[in-house]
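First up is the structure itself, then whatever we jot down about it.
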Amino acid sequence: MKKVIGLMMSLVLLFGVLAGCSNSESSGEAKGDKDVDLKVWSFTDELKKPITKFEEKNGVKIELTIVPIADYPTKLKPVLESGVGAPDVFTGEIAFLKQWVNAGYWENLSEDPYNVNELADNYVPYVFDLGKDENGDVRALSWQTTPGGIYYKRSIAKEVLGTDDPDEIGEMLTSMDKVFEVSEKMKEKGYRMFPDEGSIRWFSQGDNPQAWVNEKDELKLTDQKIEFLDYAKKLREESYTALAPEWSPSWFEAMDKPIKVKENGDETETEVFSYVLPTWGLHSVLKTNVEDSVGDWAVTSGPSPYFWGGTWLGVYNKSENKELAYDFVKMMTQDDEFLTDWAKETGDVLSYLPVTNEIKDDFSDEFLGGQNNYQFFLEQAKSIEPGIVTKYDQQLDTFYGNAVQEYVDGKKSKDEAIAEFYKKAQNAYPELKVPKK
């Protein structure tokens, strides 16, 4: 998945990080050719090669319109409402997926002639469930699963921890207390555990994953999310990070070489041990920014499973080309031959189990020292809870991320930061029942 998207189950735009795209954020223009058989809209360039494949296989012409992720919802909604210039197929990203599946723009794929409910067992459960609307009908499907892990440098692991084995390293990181134990060992040897405090946001759900807003429209911070403020503060106070904010130049630079860190007026040089990233982070982030340390990486699990991002697609409910449109959706999400080739070519971790079960044992990535990361991520995907994604996530994640940042920076006390979060949430969503703190 060629996107640097931000949203977990979810705490994404944390610390003011804005969702973006690594290779897909350049705006693309439709060809404007009237002699097209199918129109597709997306916020990512992932579909370019599949579209070419579909055109060659079916003797058709497809017009692809790529809209930058920041503009995508606002530009797409008017054409779906009016039907003028609307696509036959369009994609949705996790940040706004729940809004779109309930909006009625995507065709109901649970009904005839699609009957995709019969295929439920063929998909990673959380991926299939996220494409359902509030009535349980499937509106969108995805070919990929995007669980995450902790990517780390093998050479540093051997020096500090005595092993670079992913299973053994994972056992050392099964709780935040253990993460801090490893962080202290890294610090003693002159390394930093993470590039920034935001790295641990994915683990704030802990063993108690809960949605921001429940069925009664109640918003409340879980104990795990509150603990996250303290964890982030400790990372800063104990100098366990390199003070390199996510997506900043120093964040990328630290992947491949030592960087300078300024603290309390002093400047030191350090190396970062690990990055917390999902499946696509390997191919679209690490591999595109690392040269000297290729082969020195591995991936393992952290305190809790998480996922980050994902692309779903479906058929526009007013399309005049629904049969052909669904044929394209089927190729992207159910075609054994296409998906096998796609996985081997891109490294994308598939959600379609009939294919993953056939190919998962044969993966080996040289960047990761020969590790089979495919098996690892498929195991992680089994533990992900789909029910915690809501339509409020993106905005609430941003509010909470800002609150955590102000607490870490010492601008607000813990209670003040939480109170500010609740205040902003209430102002943005008056319909929610927000604690008075």
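The sequence shown begins at 50 in our numbering and counts up one residue at a time. Beta carbons: idealized from backbone N, C-alpha and C, even for Gly.
| Asked | Found |
| --- | --- |
| Is there contact between the stretch 350-366 and the stretch 170-189, where contact requires at least three CB pairs shorter than 8 Å? | yes |
| Between the stretch 193-210 and the stretch 311-329, do at least 3 Cβ pairs fall closer than 8 Å? | yes |
| So which of Glu112, Ile275, Ser253 and Leu222 has the shortest CA-CA distance to Asp94? | Glu112 |
| Is the beta carbon of Lys306 less than 7 Å from the beta carbon of Phe416? | no |
| According to DSSP, simplified to helix, strand and coil, what is Ser505? | In the structure as shown, the chain begins at 50 and stops at 486. Residue 505 is therefore absent and cannot be evaluated. |
| Taking the CB atoms as reference points, tell me whether Asp213 and Lys207 lie closer together than 7 Å. | yes |
| Can you grab the Cα-Cα spacing for the pair Ile467 / Gly396, in whole Å? | 40 Å |
| In this structure, does DSSP put Trp155 in helix, strand or coil? | strand |
| Which class does Ser333 belong to by DSSP, given the choice of helix, strand or coil? | helix |
| Going by beta-carbon coordinates alone, are Lys463 and Leu270 separated by less than 7 Å? | no |
| Assuming Lys88 is part of the beta strand (DSSP E), what are its boundary residues? | Leu87 to Ser91 |
| Quick one: residues in its chain with C-beta nearer than 8 Å to the C-beta of Lys283, no 5 flanking neighbours on either side, listed in chain order? | Phe229 and Tyr289 |
| Within its chain, find whatever has a CB closer than 7 Å to the CB of Gly239; leave out the 5 residues flanking it on each side and keep chain order. | Thr319 |
| Can you tell me where the beta strand (DSSP E) with Phe277 in it begins and where it stops? | From DSSP, Phe277 is part of no beta strand (DSSP E) but of the alpha helix (DSSP H) over Asp272 to Glu286. |
| Is the beta carbon of Leu158 closer than 7 Å to that of Asn370? | no |
| Is there contact between the stretch 158-173 and the stretch 337-349, where contact requires at least three CB pairs shorter than 8 Å? | no |
| Using 8 Å as the threshold, is the stretch 428-444 in touch with the stretch 254-263, meaning 3 or more CB pairs across them? | yes |
| Over what stretch of residues does the alpha helix (DSSP H) that includes Lys126 continue unbroken? | Tyr121 to Ser131 |
| Leaving out the 5 sequence neighbours to the left and right, which residues in its chain are closer than 7 Å to Glu104 when beta-carbon positions are compared? | Lys110 and Ile111 |
| Roughly how many whole angstroms lie between the Cα atoms of Phe412 and Lys234? | 32 Å |
| By alpha-carbon positions, which one of Phe92, Lys106 and Asp84 ends up nearest to Met380? | Lys106 |
| Mapping the DSSP letters down to three states, classify Lys482 as helix, strand or coil. | strand |
| DSSP three-state call for Gly363: helix, strand or coil? | strand |
| Could you check the C-alpha separation between Trp391 and Val457 for me, to the nearest Å? | 42 Å |
| Looking at the secondary structure, which residues open and close the beta strand (DSSP E) in which Leu505 lies? | An answer regarding residue 505 cannot be provided, because it is not within the stretch 50 to 486 covered by the chain. |
| Name the two residues that bound the continuous alpha helix (DSSP H) containing Ala293. | Taken as a continuous stretch (DSSP letters only), Ala293 belongs to no alpha helix (DSSP H), as it is neither H nor E. |
| If you draw a straight line from the C-alpha of Val517 to the C-alpha of Ala430, how long is it? | An answer regarding residue 517 cannot be provided, because it is not within the stretch 50 to 486 covered by the chain. |
| From Val176 to Gln148, what distance separates their C-alpha atoms? | 16 Å |
| In this structure, how does DSSP classify Ala474 when only helix, strand and coil are distinguished? | helix |
| By the three-class DSSP mapping on this structure, what secondary structure does Tyr201 have? | strand |
| Express the C-alpha separation of Phe387 and Lys98 in angstroms, rounding to a whole number. | 11 Å |
| Report buried or exposed for Glu74, applying the criterion of at least 16 other Cβ atoms within 10 angstroms of its Cβ. | Because Glu74 sits at a pLDDT of 37, beneath the cut-off of 50, its placement in the model cannot be relied upon, and the following sentence gives the value as read from the coordinates. Buried. |
| Closest to Asp226 by CA distance: which of Gly211, Tyr478, Ala135 and Ser253 is it? | Ser253 |
| Note down the Cα distance separating Lys309 from Val334, rounded to an integer number of angstroms. | 21 Å |
| Give a yes or no on whether the C-beta atoms belonging to Ile433 and Thr349 are separated by under 7 Å. | no |
| Where Phe322 and Glu237 are concerned, what is the direct C-alpha to C-alpha distance, given to the nearest angstrom? | 13 Å |
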